[in-house]
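What follows is a set of notes on a single structure, which appears directly below.
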Amino acid sequence: MSSQSDYTLEAGLNALKGGDNQTAKTILEFVAQNSPSPWMSVQAQIGLVVACARLGEIDHAIALCELLLASNRTEVKAWAVGVRRILQTRQSLNQQPTGFVPIDSPPESFDVPELAVPPSPQPTGTNQVSKNINSEKESHPADIPKQTGIAWRNAGRAKTWQTSTKSPQSQLWYLWGLEVLTLVAIVFLLQKMVDGILKGINYLLVISPWLEPIQLFYADPRWLVVTVVLILTIATPWLLDIFLSLWYGTQTLQLETLQTASPESVRIIQRYIQPQKISPPKLWKIPTTAPLIFTYGHLPRTTRIVISQGLLDTLADGEIAVLVASKLLPKGYWDMAVVSFTLTLTLPMYQLYLGLANWSDKTIQPIFKSAIAALSSLVYLIWCLFTGTTIWLNRVRLEYGDAIAINTTGNPNALIRALLKIAIGIAHHINTQGCTPGQLESLNIAAPVSFQQSITIGSLAPQISWESILMWDYLHPYRHWFTINNTHPLLGCRIQTIAKIARNLRLDPELEITSPPLPKISTQQFLLQIAPFCLGIPFGLLMAGLFGAAWQIAFALKIINLKWIYDNWNFVTGCILIGFSLGTLIRIEKMFPDIKPNSLQTHEHIATILTNPTSLPIQPTHIQLQGKLLGRAGCANNLGQDLILNTQNTLIKLHHIPRPGYPLSIQTFIGRQVTVVGWLRRGATPWIDIQSIHTQSRQIPNIHPIWSYMIAFSSAVWGAVILLRGY
334 MSSQSDYTLE
344 AGLNALKGGD
354 NQTAKTILEF
364 VAQNSPSPWM
374 SVQAQIGLVV
384 ACARLGEIDH
394 AIALCELLLA
404 SNRTEVKAWA
414 VGVRRILQTR
424 QSLNQQPTGF
434 VPIDSPPESF
444 DVPELAVPPS
454 PQPTGTNQVS
464 KNINSEKESH
474 PADIPKQTGI
484 AWRNAGRAKT
494 WQTSTKSPQS
504 QLWYLWGLEV
514 LTLVAIVFLL
524 QKMVDGILKG
534 INYLLVISPW
544 LEPIQLFYAD
554 PRWLVVTVVL
564 ILTIATPWLL
574 DIFLSLWYGT
584 QTLQLETLQT
594 ASPESVRIIQ
604 RYIQPQKISP
614 PKLWKIPTTA
624 PLIFTYGHLP
634 RTTRIVISQG
644 LLDTLADGEI
654 AVLVASKLLP
664 KGYWDMAVVS
674 FTLTLTLPMY
684 QLYLGLANWS
694 DKTIQPIFKS
704 AIAALSSLVY
714 LIWCLFTGTT
724 IWLNRVRLEY
734 GDAIAINTTG
744 NPNALIRALL
754 KIAIGIAHHI
764 NTQGCTPGQL
774 ESLNIAAPVS
784 FQQSITIGSL
794 APQISWESIL
804 MWDYLHPYRH
814 WFTINNTHPL
824 LGCRIQTIAK
834 IARNLRLDPE
844 LEITSPPLPK
854 ISTQQFLLQI
864 APFCLGIPFG
874 LLMAGLFGAA
884 WQIAFALKII
894 NLKWIYDNWN
904 FVTGCILIGF
914 SLGTLIRIEK
924 MFPDIKPNSL
934 QTHEHIATIL
944 TNPTSLPIQP
954 THIQLQGKLL
964 GRAGCANNLG
974 QDLILNTQNT
984 LIKLHHIPRP
994 GYPLSIQTFI
1004 GRQVTVVGWL
1014 RRGATPWIDI
1024 QSIHTQSRQI
1034 PNIHPIWSYM
1044 IAFSSAVWGA
1054 VILLRGY
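If you want it as structure tokens, here you go:
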């Protein structure tokens, strides 16, 4: 081939049919990376698998099959699954002294299938777009991601390693302490919620002219809550069986099916149950393409393992096995019981939130519609509160699970690949569904990788290297400050730890993540970032101390006597609120600098911005991006909790605060092409604070800076009222 104009899909396939495999590989690599047509790109990748297999490049061919598994087209995925299994078998045979199998004459299953060209997408109405957002669907070619940039090293596993059957007692004490704190927090929240509901009912009865309050409702519900918690804890496995079957369509996963997808997983399960002389744990399958795996139960004999169809289709044998090992923790950990109990509480709350939102969408009366929508949002906030009780425990238990998985399998590199492929699969699933499915959000605390982390990391993977994507996670010196509300440890930190274990096992890690000197970041900028909490609150405490000392002196000199200071210490709360207000005011100008047209960055700069390991959220980049707005439709998204921009197959979370009383809702833009102007920030998860979002004809402004001023002003007024009134 003399010029790139000759590098066409047809030329590559003709070379492949003619047996000129090296030429075919060169042409098809060019087409796969440069073709504007996703269909041609996928067809070229399939041809590359055949060419690499014939050239004996088995590892490369397997890696290409892994990419094809992310396709939404059933025939592509089925072909990739079958070929990958054959290639892995040949690879294992080739590693044996007498197991040589010639590759030059591949079997019929290595032929390039003829894929029908998908029809061009037809214009649809708003109702059809809204319908597609909330249903599983086959996507048109624009939805098929080009994942030609991902190349797995398929680094090996340890042949021999020293195993440990017991964890240090200090680690168990730490884990147990977190479990107790989590349960105490849940019981406290339940008590406050039940108490509030009962007293609210009595208040309605009091203001009613015909009914009397129920005196029993004024009693302390503490022991009632504790009793209910104990009953729910005992019944957790069976309740979750019902919930998952009813709401998520779980089906029995036969051990033979798991044996086909991952024989090593079955061996790990057998090794887990034999010393304890118990039956194999129940296996459930969730019929979703999102890669999910989690366990629940409270004892080894009541353990259930839930695996999604997407995980079985996407991950290789060793990768599934290492995830199974990470979920089957030894006796004495008990974290699975705590998280399972939390799911027993939170799953019904989440379904109630969705049910109320759907009811509100169907209600015509404006007053009832608004009331039901507000109740739905309140239930969602309560769900967030209860889920948040497990944040600390969940981060620690996942790190323990990683260590136990490696200790069990000796395969840290498979764990790295598994975590990264899950991130890719979740991002792809969100993209194809057009929103964050309820399965991902409601089961997030049990998942190996959070959907929030996966949104941007998983969608960036085809474009830049993993080491660059994860650089902020493992290099930023203040990274742990930004994970306070994260249910999962930073993926980069997690993989850095796993890679370190791989080196200790004398293995080349899947990713070259090392521990270089941390970059220098301005301490002043970081202090401005945390000003409301770490500057404002200490200032408020100092002000309270000075205020109290001044009163003591004035009281001793009989100048003034503020009785409420003597009676209680509520004035300290007032001072803290005023300090928080001052800290917020100090930060606003830096958080929301004026956006000038000549300072706007576009999609071409996103990768550079997000891989900068010194970025702080208080140092935003002014951005203008075009893409498709994803998110839930209707009242289920009243709080703007699920807004994502898909800009050239890169997904970025959006934060939206609408102007009160503005007639146009951002939900009318969901599923449509939009232009977003705002502040792009890099924290534990990247996001954009929207300044404005518009289509070709309509625009919605945002009030992020005004909202911050309102919070600061309200906090100051509240604090001043407490200082003046004493309560």
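Here the sequence shown is numbered in this note's numbering, starting from 334 and rising by one per residue. Positions of the beta carbon are idealized from the N, C-alpha and C atoms, including for glycine. Values in this document were obtained by computation on a predicted structure and should not be read as measured data.
Supposed close pair residue i, residue j - CB separation, criterion 8 Å
| i | j | result |
| --- | --- | --- |
| E597 | G643 | Not quite, the Cβ-Cβ distance comes to about 19 Å (not below 8 Å), so this is no contact. |
| L987 | L976 | 4 Å |
| L793 | L824 | Their Cβ separation, rounded to whole angstroms, is 12 Å, which puts L793 and L824 out of contact at 8 Å. |
| A488 | P842 | 6 Å |
| G1004 | L978 | Contact flag wrong, Cβ pair sits at about 12 Å. |
| I739 | I653 | About 15 Å; that fails the 8 Å criterion. |
beta-carbon residue i near the ligand SAH non-hydrogen atom, thresh 6 Å
| i | result |
| --- | --- |
| V382 | Absent from the structure shown: the ligand SAH. Ligands present: none. |
Inter-residue spacing [alpha-carbon to alpha-carbon] between residue i and residue j
| i | j | result |
| --- | --- | --- |
| I863 | R730 | 27 Å |
| R490 | I834 | 11 Å |
| T593 | F925 | 54 Å |
| R637 | I749 | 24 Å |
| L577 | V639 | 10 Å |
| I575 | S673 | 13 Å |
| L775 | I724 | The sequence shown places Ser at residue 775, not Leu. S775 and I724: Cα-Cα distance of roughly 14 Å. |
| Q772 | W571 | 19 Å |
| L711 | T720 | 14 Å |
| L689 | W617 | 28 Å |
| R1014 | I817 | 17 Å |
| R836 | A736 | 14 Å |
| C968 | G994 | 17 Å |
| N347 | K358 | 11 Å |
| L586 | T679 | 25 Å |
| L890 | A882 | 12 Å |
| V364 | I483 | 16 Å |
| A411 | P795 | 21 Å |
| R992 | L1056 | 32 Å |
| C768 | L563 | 36 Å |
Cβ-based neighbour list, residue i, same chain, cut-off 6 Å, excluding 5 preceding and 5 following
| i | result |
| --- | --- |
| I919 | A864 |
| L388 | N354 |
| L565 | T677 |
| G743 | R490, A491 and W494 |
| L523 | V558 |
| I999 | H989 and I1033 |
| P435 | Note that P435 has pLDDT 38, beneath the 50 cutoff, so the model's placement of it is unreliable and the number below is only indicative. None. |
| C826 | D806 and Y807 |
| L972 | S710 |
| V782 | L752, I755 and A756 |
Residue i - partner residues in DSSP beta bridges
| i | result |
| --- | --- |
| Q934 | I956 |
| R637 | K615 and Y629 |
| R1014 | W1020 |
| P1034 | S1025 |
| N979 | K961 and L984 |
Where residue i sits in the DSSP three-state scheme
| i | result |
| --- | --- |
| R992 | coil |
| H1027 | strand |
| G389 | coil |
| G964 | strand |
| T585 | strand |
| T1008 | strand |
| N945 | coil |
| S1048 | helix |
| K929 | coil |
| T769 | coil |
| N971 | coil |
| N819 | coil |
| S709 | helix |
| Y683 | helix |
| T431 | Confidence at T431 is low in this model, with a pLDDT of 39, below 50, so the placement of that residue should be treated as unreliable; the coordinate-derived value is given next. The answer is coil: DSSP assigns T431 none of H, G, I, E or B. |
| G743 | coil |
| Q785 | helix |
| N487 | coil |
Residues near residue i in its chain [Cβ-Cβ closer than 7 Å; skip 5 each side]
| i | result |
| --- | --- |
| T647 | L402, P624, K754 and G758 |
| I828 | I749, L752, L803, L844 and I846 |
| F913 | P865, G869, I870, G873 and S1048 |
| E512 | W667, D668, V671 and L726 |
Cβ shell of residue i (< 8 Å), same chain only, five flanking positions each side left out
| i | result |
| --- | --- |
| P852 | L808, H809, P810, P946 and T947 |
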